[in-house]
Structures are given as structure tokens and as C-alpha cells.
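Shown next, in C-alpha cells, is the structure this report addresses.
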Amino acid sequence: MRIQQLVITSYVFTTLVTAQLAPLLVASHKLVPGLKQLIDPSNVESQNVTAATNLLKKLVTACSSDAYLIVNQPGLTYHDLTTSNKDNWPMLRKYLYMASTTVGIPRIDGVIDLQFLQEYIINTCEAEVINVWNEDEGEVVDYFDVRKRVIRIDLGELPTGKDRNSEILNHDELLRKILRKLPSPHYTIILTSDSPGVVHPVPVKMEDFPDRFEIFNDIINDPMHSREIEKNNNFHSVEPNWNPIRDSNDRYIRNKHQDEVRLLDYDLWTKNEKLITTIFVMILSIFMVKILQFFNYLKKLIMEYKQQKKTKGIIGKKMD
Numbered sequence: 008m009r010i011q012q013l014v015i016t017s018y019v020f021t022t023l024v025t026a027q028l029a030p031l032l033v034a035s036h037k038l039v040p041g042l043k044q045l046i047d048p049s050n051v052e053s054q055n056v057t058a059a060t061n062l063l064k065k066l067v068t069a070c071s072s073d074a075y076l077i078v079n080q081p082g083l084t085y086h087d088l089t090t091s092n093k094d095n096w097p098m099l100r101k102y103l104y105m106a107s108t109t110v111g112i113p114r115i116d117g118v119i120d121l122q123f124l125q126e127y128i129i130n131t132c133e134a135e136v137i138n139v140w141n142e143d144e145g146e147v148v149d150y151f152d153v154r155k156r157v158i159r160i161d162l163g164e165l166p167t168g169k170d171r172n173s174e175i176l177n178h179d180e181l182l183r184k185i186l187r188k189l190p191s192p193h194y195t196i197i198l199t200s201d202s203p204g205v206v207h208p209v210p211v212k213m214e215d216f217p218d219r220f221e222i223f224n225d226i227i228n229d230p231m232h233s234r235e236i237e238k239n240n241n242f243h244s245v246e247p248n249w250n251p252i253r254d255s256n257d258r259y260i261r262n263k264h265q266d267e268v269r270l271l272d273y274d275l276w277t278k279n280e281k282l283i284t285t286i287f288v289m290i291l292s293i294f295m296v297k298i299l300q301f302f303n304y305l306k307k308l309i310m311e312y313k314q315q316k317k318t319k320g321i322i323g324k325k326m327d
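Next up, the structure:
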């Protein structure tokens, strides 16, 4: 009986010390306010899985991203995502700096139902699914339509030995290659594990030094990055160029009004200045020619009249 009690006590102690607690990292290009209000602000204790799920549902309900990357990394622990291991995630950390929304939960008491999350995104945002099962970016085919996508990435389990860091680097590079294929910069990364690695939390140290157990504490909890500010509001929608209402009667009156010629219209004279000047010179020239012809004609009549008068005077003298 004493041995049985000892075995049970040992099992309970082992379960408490080596608990399987899943981490969760959320990063969205667009701002989704109010997410951190759904969870306990202190990460000293593990977060409730229901609260974490509600956080993800609120993140998705906004449908502010064009692509949602659900990254399942078996064997992942919060320790893999601490600042001390930042060199293993160069791409992911670079994206965290650019993201408008970042949430890091080191320990969730349970695991996120990724299949439920996938179906929730599909139904809420009318999205299509792209599965990556073989750690190959070629599984994400090129697309150019505007329909939203759920990219489910199931990675291989992380080794526990010396190759662990290099494997994380490979997976980080895979994420970079997949993100480069997306036609839109508006995407959300959800990184967690449905079979997390074993951790050995020490409550005293976690309470005294919480920053050592936070997910990328230097970014997510930095006041410069933790504020709810839209960082990526650089794409403005362009107002459509609607054609004017084409009423036939109004169009007829408008065109008729435009076709009317007004001699006193200043714009008309300015627009046709050369033509008007040419016509004016031609008319003036013709007028001058006619004036000269008229004076020549008068001169001729006067000369003829004088000649006739002179001729009559000579004839009269001869008759006398």
C-alpha cells in the first residue's frame, strides 16, 4: 500500500513538473485591437486554452488579412521562442517588427484545436485551404485572385539534440519562402504546436524573472511595439471613376450650347487669332483695292468731262 501511494505521488509530481504546455505566437500585418484584453496580462501562470481560442476567433473575425498561416510545429516549447534563441528565427523576428498586432503566450494549459481554427477561418472569411505537409514551398502554388487563403503548414517534429537549432532555422527559412510567394502583404502568422515539447517550469524563477520566459520579450513587450497602432496603413483605396449620368435631353442641350458660335466670345477670338487676322487683312486689302478702283473711276470720269467740255468750246468758237 505504501509503495502504491509512493508511485501515485511520484506520478503526480512528474506531471506537474514536466507539463506539456503549448506556446502561441500571433502576428498580424494589420491592427486588430483588443486581443490582449481577452487573456491574463501576466504570463507567470499558464493561460486558459478557451481564452486563447477566443483570442484567435476575434483575430479572425475581422478578416483583415488576405492569408492566414497556421504553423504547427510539433515539439515546440516557449523556450524556443525566447530572446536567448532569437538567432534561430531571423525571418520571424523581422516580421514581428513590421506587424501591427503581436501577441505571445508562452504557456497554454492545453493545445489549440487547429482543425477548428482552420474551419472557422474558412467559414468566416470564405477562404480556401492550401496544405503544406512536406516542408516544401512548392506546395503553395502561385495565385493572383483576391480570395483569402488559409495556409496550413505542418512541420516535422523538432529534435531534442544538437540539431534542434539548425532545424528551427530551416523552418524559419521555409516560412520566408512561402511568404514571398503571397501576392498580398496583408497576412497573419499563427505559430503553435498541437504536440508541444516537455518543459520544466520553475514557478519561483518565472515569478521573479518573467521576461526570461516571455516569447521574444524584447519585441512583443517593448512599449514601442506593444502599442495598438496601425503601422501599415500605406495602401489607400482609390475612389472609383464613375461615368457621369448621361441623360439624352441634357446631353443634347449641352452639346447644342457648346456648338453655338458667339462672335463676341473672347475665347473664340483668342483661339482663332491667326485665322481672324488673316481674314481681316484680306478684307482690308480688298477694300483698299476697291477704293483705289473707285478713285480711278472718278478720275477717269472727271477727265472725260473736262475733255468733252473743252471740245465743245473749240467747236463753238469756230462757228462764230
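Numbered as in this note's numbering, the sequence shown ends at 327 without a single skipped number. Glycine included, each C-beta is placed from N, C-alpha and C at the ideal position.
Run of the beta strand (DSSP E) containing residue i, from where it starts to where it stops
i, result
"L165", "Taken as a continuous stretch (DSSP letters only), L165 belongs to no beta strand (DSSP E), as it is neither H nor E."
"I115", "T108 to D116"
Closest residue to residue i among the options (Cα-Cα distance)
i, options, result
"V157", "A74, M231, L186 and C70", "A74"
"L198", "M310, I119 and Q27", "I119"
"H101", "L45, A34, F123 and I128", "First, the residue type needs correcting, since residue 101 is Lys and not His in the sequence shown. The residue with the shortest Cα to Cα distance from K101 is A34."
"A58", "V51, N79, D116 and N92", "D116"
"Y127", "I236, L176, K155 and N303", "K155"
"F151", "D161, K278, S191 and E142", "S191"
"P166", "I160, I175 and R159", "I175"
"I236", "K278, Y104, F301 and L32", "Y104"
"N228", "I112, K65, P40 and A69", "I112"
"N239", "L31, T195 and K37", "K37"
"V39", "N262, T195 and T277", "T195"
"N55", "G41, L31, V78 and L76", "L31"
"A106", "I226, E133 and N177", "I226"
"L42", "N92, V110 and S91", "V110"
"K188", "V148, F223, L305 and N177", "V148"
"L28", "G204, T318 and E146", "G204"
Integer Cβ distance of residue i from residue j, believed to fall under 8 Å
i, j, result
"T84", "V206", "5 Å"
"H232", "S72", "Not confirmed; about 19 Å, so no contact."
"Q80", "S200", "5 Å"
"D218", "L99", "Wrong, their Cβ atoms sit about 19 Å apart, outside the cutoff."
"T131", "T68", "6 Å"
"N50", "E164", "Their Cβ separation, rounded to whole angstroms, is 25 Å, which puts N50 and E164 out of contact at 8 Å."
"E144", "L181", "6 Å"
Per DSSP, cross-strand counterpart(s) of residue i
i, result
"R159", "I77 and N138"
"I298", "Answer is none; I298 lacks a bridge partner."
"N55", "D116"
"T199", "N79"
"V205", "Q27"
"Y194", "A74"
Unbroken alpha helix (DSSP H) run spanning residue i, endpoints
i, result
"Y102", "P97 to M105"
"P30", "Where P30 is concerned, there is no enclosing alpha helix (DSSP H), although the beta strand (DSSP E) it sits in stretches over A29 to S35."
"T277", "Y273 to K278"
"C132", "L121 to C132"
"N1", "Residue 1 lies beyond the range of the chain shown here (8 to 327); nothing can be said about it."
"S233", "P230 to S233"
"I226", "N224 to I227"
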